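Chains as they are written, first to last, in the working numbering: chain A, 1 to 272; chain B, 273 to 556.
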């Protein structure tokens, strides 16, 4: 069973981490996409505490009029946290592309939208001289439930070692609005999509299985013996393996005695 | 004697800045009349060095930056963590701790146990130390350990067997586990060892960890001092930087050894013969 976190300690570590990383780069401002969902709300709250609310910009980037409640919740959250926010409708740039290159795939359209939001975030990062805060949690990083070079793109990722159910604990500790905490999690790739519907299991069960496999280093057999459904465990293992590429930089073909990605090894914080 | 545990946040790869930081803390400790100041592992360089190891390595006998610290140690003792490269061993980089007293380097310990698993990759970049020796400090016999050395309890035993009144461990221990109290769960592991070693070696145990974060890893802080007999003398802040002062009574070693006769009744020759048999058998 996934143990409960000490949310106050986690808050302290993550606020310090954000402050440290920004401090090392001499960067005062942070920027992130605000979806109206839980993960971006928690990240925004941590960033507001670490950098000061005035130094955080939340970009709300709906596709047309698709998700009015999320847009409203994101705006309310920004006002509540006292952070700056701005709404940019991505419909025009998405529609012009798919008018020329039509597709029936909802996933393809959703991924394209995630990457349009990424490109806007990076452009605003340059305009504002601000670092991008990632909002991916450990659950979605492990099963690859995110768009590579889309919502996964960022400068630092404060919540990447917290499972989704732990993010909920942190959200309660940070006293985030109930409208956001009780919301059904969705990747928002299309209307009506929900994470748990698409995955076919609850986040509680998913996190328990991931915790057993990752922290517990349990085998598939041990997880089944512990009472988890064999087909579910097999599917989760497959998702973890198939998404390893999203958690790595692409392999470089080694030719020289010292190559980037192989034996040219420096810390991320190099020279900061 | 007053001791100071300097739970600092070094700048990764910047020896010059870190020397200044050490000198600042030394000055503060001197004003507070500390007799011993302990800095964390790799305090002069930062921890997550990887290929930077060779750029920050120095010879403590000749490097002018290091000599600055040595020359400012007049009238007190200092433990400093750095990357050592001696002219006689070019290209060999050691994760090292120097004991400096009254303007002189008394002893240098090279880390023996280099963690290389999971998040740790020290043996990829450092040469391995091969000895544990105690030395005569101004306040008594002392032994140095670096971080993981301390978790292999044979290392503390060697210092104990060779008569240490004080075991000083410098550390750059990352925090892991956030389910417990107000500190990382791994902090308990260090303190447990400190308590046990100080109890059964009837010696002082000082542990200086660092604070700050590198590449997403947060160092756990929680430096501490145990007096002989497992008595917690002082504990620094968890996670946050700190400069912890604490007065210790050196006569406590004698008091503890009159009460608990572990040291008198110790049989290192039996341990040694048994170990020799085990090592020989494993070599066959």
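A virtual CB, placed ideally from N, CA and C, is assigned to each residue, including glycine. Here the structure is a predicted model, which means the values were calculated and not measured.
Where does the unbroken beta strand (DSSP E) through residue 31 (chain A) begin, and where does it stop?
-> Unbroken beta strand (DSSP E) run through residue 31 (chain A): 29-33.
Looking at residue 60 (chain A) and residue 121 (chain A), is the spacing between their C-beta atoms short of 8 Å?
-> With a cutoff of 8 Å on beta-carbon distance, residue 121 (chain A) and residue 60 (chain A) are scored as not near each other.
If residue 394 (chain B) and residue 367 (chain B) are in contact, beta carbons under 8 Å, what's the gap, nearest whole angstrom?
-> Here residue 394 (chain B) really is in contact with residue 367 (chain B); their C-beta atoms are around 6 Å apart, less than 8 Å.
Would you grab the beta carbon distance between residue 328 (chain B) and residue 317 (chain B) for me? Rounded to a whole angstrom, and I think it's under 8 Å.
-> Cβ atoms of residue 328 (chain B) and residue 317 (chain B) come within 8 Å of each other, at about 4 Å.
Are at least three pairs of beta-carbons, each pair with one atom in the stretch 385-393 of chain B and one in the stretch 344-354 of chain B, less than 8 Å apart?
-> Result no; under three Cβ-Cβ pairs closer than 8 Å.
For residue 464 (chain B), collect the residues of the same chain with a Cβ closer than 7 Å to its Cβ; drop the 5 residues on either side in sequence, then sort them by chain order.
-> Only residues of its own chain outside the window of five on either side were considered, and among them none has a CB closer than 7 Å to the CB of residue 464 (chain B).
Are the beta-carbon atoms of residue 507 (chain B) and residue 281 (chain B) separated by less than 8 Å?
-> If you check the CB distance, residue 507 (chain B) and residue 281 (chain B) do not come in under 8 Å.
What do you reckon, are the CB atoms on residue 195 (chain A) and residue 484 (chain B) nearer than 8 Å?
-> The criterion of a C-beta distance shorter than 8 Å is not satisfied by residue 195 (chain A) and residue 484 (chain B).
Contacts around residue 466 (chain B), its chain only, beta-carbon distance under 7 Å, and the 5 residues preceding and following it disregarded | In the same chain as residue 466 (chain B), and ignoring 5 residues on each side of it, the C-beta atoms closer than 7 Å to its own belong to 477, 479, 496 and 498, in chain order.
In angstroms with no decimal places, state the Cα-to-Cα distance between residue 364 (chain B) and residue 399 (chain B).
-> Cα to Cα, residue 364 (chain B) sits roughly 6 Å from residue 399 (chain B).
In whole angstroms, what is the alpha-carbon distance linking residue 272 (chain A) and residue 22 (chain A)?
-> Separation of residue 272 (chain A) and residue 22 (chain A) (C-alpha to C-alpha, rounded to the nearest whole angstrom) is 10 Å.
Taking residue 297 (chain B) as part of the alpha helix (DSSP H), name the residues at either end of that continuous run.
-> Where residue 297 (chain B) is concerned, the enclosing alpha helix (DSSP H) stretches over 287-303.
Neighbourhood of residue 181 (chain A) by C-beta, 6 Å cutoff - its chain only, sequence neighbours within 5 removed | Result list for residue 181 (chain A): 171, in chain order.
Residue 455 (chain B) to residue 7 (chain A), Cα distance in whole Å?
-> Whole-angstrom Cα-Cα distance: 12 Å.
How about residue 22 (chain A): is its C-beta nearer than 8 Å to some C-beta of chain B?
-> So, not an interface residue.
According to the neighbour-count rule (16 or more other Cβ atoms, all chains shown, within 10 Å of its Cβ), is residue 428 (chain B) buried or exposed?
-> Residue burial annotation: residue 428 (chain B) is buried, with at least 16 other C-beta atoms found within 10 angstroms of its C-beta.
Secondary structure of residue 325 (chain B), DSSP reduced to three states = Helix at residue 325 (chain B).
Between the stretch 135-144 of chain A and the stretch 37-48 of chain A, do at least 3 Cβ pairs fall closer than 8 Å?
-> Contact holds: three or more Cβ-Cβ distances are below 8 Å.
Interface residues of chain A around residue 485 (chain B) at Cβ under 8 Å?
-> Chain A residues near residue 485 (chain B): 16, 17, 20 and 21.
Residues in its own chain within less than 8 Å of residue 209 (chain A) by CB, not counting five upstream and five downstream?
-> Hits under 8 Å: 223, 228, 232, 233 and 236.
Are any of the Cβ atoms in chain B nearer than 8 Å to that of residue 164 (chain A)?
-> Under the 8 Å criterion on CB atoms, residue 164 (chain A) is classed as non-interfacial with respect to chain B.
Within 10 angstroms of its Cβ, does residue 549 (chain B) collect 16 or more other Cβ (buried), or is it exposed?
-> Under this definition residue 549 (chain B) is an exposed residue.
Boundaries (first-last residue) of the beta strand (DSSP E) holding residue 497 (chain B) | Residue 497 (chain B): member of the beta strand (DSSP E) spanning 496-499, first to last residue.
Start and end of the alpha helix (DSSP H) containing residue 461 (chain B)?
-> Counting along the chain, the unbroken alpha helix (DSSP H) around residue 461 (chain B) starts and ends at 457-472.
Residue 17 (chain A) in three-state terms, based on DSSP = If DSSP states are grouped into helix, strand and coil, residue 17 (chain A) belongs with the helices.
Cβ distance (whole Å) where residue 414 (chain B) is taken to contact residue 407 (chain B) below 8 Å | Contact flag correct, Cβ pair sits at about 6 Å.
Could you tell me which chain B residues have their CB closer than 7 Å to the CB of residue 266 (chain A), listed as they occur along the chain?
-> Ordered by position in chain B, the residues that pass the 7 Å Cβ test against residue 266 (chain A) are 322, 323 and 324.
Establish whether the CB of residue 240 (chain A) and some CB of chain E are separated by less than 8 Å.
-> The question asks about chain E, but that chain is absent: this structure's protein chains are A and B.
If you count every other CB in all the chains shown that lies within 10 Å of the CB of residue 69 (chain A), and 16 or more means buried, which is it?
-> With a 10 Å radius around the Cβ and a threshold of 16 neighbouring Cβ atoms, residue 69 (chain A) comes out exposed.
With 8 Å as the threshold, decide whether the Cβ of residue 6 (chain A) is near any Cβ in chain B.
-> At least one CB of chain B lies nearer than 8 Å to the CB of residue 6 (chain A).
Report yes if the C-beta distance between residue 486 (chain B) and residue 267 (chain A) is below 8 Å; otherwise report no.
-> The answer is yes: Cβ separation under 8 Å.
Scan the stretch 488-506 of chain B for residues whose Cβ lies nearer than 8 Å to a Cβ of chain A and list them as they occur along the chain.
-> Those would be 488 and 490, in chain order.
Residue 163 (chain A): first and last residue of the uninterrupted alpha helix (DSSP H) it sits in | Per DSSP, residue 163 (chain A) belongs to no alpha helix (DSSP H) and is neither H nor E.
With contact counted as at least three CB pairs below 8 Å, one residue from each stretch, are the stretch 295-304 of chain B and the stretch 240-252 of chain A in contact?
-> Taking a cut-off of 8 Å on C-beta distances, the stretch 295-304 of chain B does not touch the stretch 240-252 of chain A, as fewer than three cross pairs fall below it.
Kindly say whether residue 9 (chain A), judged by its beta-carbon, lies nearer than 8 Å to any beta-carbon of chain B.
-> Yes - at least one Cβ of chain B is within 8 Å of the one on residue 9 (chain A).
Uninterrupted beta strand (DSSP E) stretches inside the stretch 373-421 of chain B (no shorter than 3 residues) | Within the stretch 373-421 of chain B, the beta strand (DSSP E) runs of at least 3 residues that lie entirely inside it are, in chain order, 376-382, 406-409 and 412-418.
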